[in-house]
Amino acid sequence: MGQLPLRSLTMTSFALRWIGGRRRSVITGLVAGASHPCSIWCFIFSFLQNLSNKILLNAVKEFSPLKLRIGGSLQDKVIYGVDPQQPCTPFVKKKSEMFGFSQGCLPMHRWDELNGFFKKAGAVIIFGLNALNGRVHLPGGSLGGPWNSTNAASFIHYTVNKGYTIHGWELGKSHVPFRFLTS
Numbered sequence: 063m064g065q066l067p068l069r070s071l072t073m074t075s076f077a078l079r080w081i082g083g084r085r086r087s088v089i090t091g092l093v094a095g096a097s098h099p100c101s102i103w104c105f106i107f108s109f110l111q112n113l114s115n116k117i118l119l120n121a122v123k124e125f126s127p128l129k130l131r132i133g134g135s136l137q138d139k140v141i142y143g144v145d146p147q148q149p150c151t152p153f154v155k156k157k158s159e160m161f162g163f164s165q166g167c168l169p170m171h172r173w174d175e176l177n178g179f180f181k182k183a184g185a186v187i188i189f190g191l192n193a194l195n196g197r198v199h200l201p202g203g204s205l206g207g208p209w210n211s212t213n214a215a216s217f218i219h220y221t222v223n224k225g226y227t228i229h230g231w232e233l234g235k236s237h238v239p240f241r242f243l244t245s
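Every letter in the sequence shown is one number past the one before it in my numbering, and letter 116, counting from 1, is 178.
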């Protein structure tokens, strides 16, 4: 197997195997991506529970400065918990919902923990924002209406005010054709 561009990978649930020691197959998985829509969000909410895990930290440091893209299908179902007065509930598996999951919330205390981990590990973050907030389902399966940017703007302000470095912000996903979105 030839050299892979290790400094610009998309992290997926394949990282679990990398932590387990099968580095080559994991790197391939990181480059190729995963088809499961929950990949990175499930990884963030479940596997990354213990951010003080030295094995995990050293694994990410190994590729420093690794660019981690936090995004994917579920990015469009994430609400950012910037308002402490609003409930912040995690994803729930729900077959009737788009991508098979309910809306989920990223609490700011978790965002703070993740940014501490990213800084310690030397990771560079590219973050995919929810581009569907406020849009409604139209007949025929498309989505329409204006994008409600309020929650994303509050999240970006929070991130900037905390001094977190984000290498790039992504709005929408390149594999979703814009013909399915109408304004």
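The beta carbon of each residue, even a glycine, is placed where N, CA and C say it ideally should be.
These numbers come from a predicted model, not from an experiment.
The criterion of a C-beta distance shorter than 9 Å is satisfied by residue 220 and residue 144. Around the beta-carbon of residue 198, fewer than 16 other beta-carbon atoms lie within 10 Å, marking it exposed. Within the same chain, 129, 186, 187, 188 come within 8 Å of residue 229 by CB-CB distance, once the 5 residues on both sides are set aside. It is roughly 12 Å from the alpha-carbon of residue 152 to the alpha-carbon of residue 136. At a Cβ-Cβ threshold of 9 Å, residue 139 and residue 192 count as neighbours. Cβ-Cβ separation between residue 224 and residue 183: approximately 17 Å, too far for a contact (criterion under 8 Å). Per DSSP, the unbroken alpha helix (DSSP H) holding residue 178 starts and ends at 170-183.
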